[in-house]
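Residue numbers (our numbering): 752 to 1012.
We put the beta carbon where it would ideally sit given N, CA and C, even for glycine.
Every value quoted in this text rests on a predicted model; they were computed, and no experiment measured them.
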């Protein structure tokens, strides 16, 4: 089995992959945690799910938080006796990156591109609804063409409450109608439906630059919430990034002659 870790600024997605089957969890990212903290949490998750630490044959980390990359890598070595593959420059991914500076493209974006192309074909637009909201353009041949980066929906909600004197933080939920009849529903409408308009507008503009046709896949913690209010998202795949990381691990494991999980 393979341990898969997708680390963003606010969340860490954890999965155990057995072939193409995955079981996943979503944790808060905490750079203050030590390797022992991380190892004990991961070990507890695996044990409660019925997986022994000795069942792991490998691990892969895709991370945009360098301090957590190092901490989790040490935890994998210390608690599971595996040296993780850390996806980054120099790691084979099978994705051609056609941007001005390929080294600045995050591991999660490459993983999303690979998984989207393998699962759905191209051209495609991948929307990752996480801390930030990213839109990645995938060519008909599976190349990474570039991106759009916008604030995340949760970030927008928090900023509205933080930067105004009389507006408070409310539950991030889709209201039943656009016109709010109280402050809470008005804020929810502005954030959720306003964000939906942002998504639909950007997808339309990106699709024009992809000659008008592209499958639109959403992933990330807020993917379902966003899809419910948009007209442009074709598919939600919460495991897309994890699947891409798994594919990258398999690609590199074959080259090293390692056993598959």
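- Note on residue 900: under 16 other CB atoms within 10 angstroms of its CB, so exposed under the neighbour-count rule.
- Taking every protein chain shown into account, the CB of residue 834 has fewer than 16 other CB atoms within 10 angstroms, so this residue is exposed.
- Inter-residue distance for residue 839 and residue 801 is about 31 Å (C-alpha atoms, whole angstroms).
- Beyond the five residues adjoining it in sequence on each side, residue 942 comes within less than 6 Å, by CB distance, of 907, 908 in the same chain, given in chain order.
- The beta carbon of residue 877 lies closer than 6 Å to those of 863, 867, 887, 968 in the same chain, with the five residues before and after it left out.
- Cβ neighbours of residue 971 within its own chain (closer than 6 Å, five residues either side excluded): 879, 880, 881.
- For residue 994, the closest of 836, 870, 981 by C-alpha to C-alpha distance is 870.
- Following the DSSP letters along the chain, one finds residue 809 inside the beta strand (DSSP E) bounded by residues 809-814.
- The Cβ atoms of residue 813 and residue 859 sit closer than 8 Å to each other.
- When secondary structure is reduced to three states using DSSP, residue 988 falls in the coil class, being assigned neither helix nor strand.
- Note that the segment 978-991 touches the segment 942-953; at least 3 beta-carbon pairs, one per stretch, sit closer than 8 Å.
- Judged by DSSP in its simplified three-state form, residue 966 adopts strand.
- Within the same chain, 873, 874, 896 come within 7 Å of residue 890 by CB-CB distance, once the 5 residues on both sides are set aside.
- Taking a cut-off of 8 Å for Cβ pairs, the segment 759-766 and the segment 808-823 touch, as three or more such pairs fall below it.
- For residue 952, the uninterrupted alpha helix (DSSP H) run begins and ends at 934-960, by DSSP.
- The Cβ-Cβ distance between residue 753 and residue 997 falls below 8 Å.
- With respect to the C-alpha of residue 763, the residue from 963, 921, 989, 926 having the closest C-alpha is 989.
- For residue 790, the enclosing alpha helix (DSSP H) starts and ends at 786-799.
- For residue 811 against residue 755, the beta-carbon gap comes to about 6 Å, under 8 Å, which counts as contact.
- Short of 6 Å from the beta carbon of residue 926, and not among the five residues preceding or following it, lie these beta carbons of its own chain, in chain order: 936, 939, 940.
- Counting only the Cα atoms, residue 956 lies some 43 Å from residue 826.
- Excluding sequence positions up to five before and after residue 912, its CB lies within less than 7 Å of the CB of 918, 919, 920, all in the same chain and listed in chain order.
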